[in-house]
Amino acid sequence: MHKQCVEDAYTCLINRYSFSEDDIAILIDTDESYTQPMGKNISVAPPCGTREEDDTGYDECT
1 MHKQCVEDAY
11 TCLINRYSFS
21 EDDIAILIDT
31 DESYTQPMGK
41 NISVAPPCGT
51 REEDDTGYDE
61 CT
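UniProt numbering puts the first residue of the sequence shown at 1, with every later residue one more than the last.
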């Protein structure tokens, strides 16, 4: 994945869907400068139902 694509997706999540930077984890297996998408890194995300309500209109748990 190209770094520009990752940066574009990150910016879109923040600007278009109002995600907080603290709520975004970038996991990329083709660039060792990013956190690798291993089981232990993926499982640190909070389970569904523990997040506060937001106004994005997107249900992250479906």
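We put the CB at the ideal spot given by N, CA and C, even for glycine. All figures in this text were calculated on a predicted structure; none of them were measured in a lab.
Following the continuous alpha helix (DSSP H) through residue i, name the residue where it begins and the one where it ends.
i: L13; result: 3-15
i: I26; result: First-last for I26: undefined, no H or E at that position.
In whole angstroms, what is the alpha-carbon distance linking residue i and residue j?
i: I26; j: H2; result: 13 angstroms
i: I42; j: T30; result: 16 angstroms
i: Q36; j: C5; result: 17 angstroms
i: I28; j: E21; result: 17 angstroms
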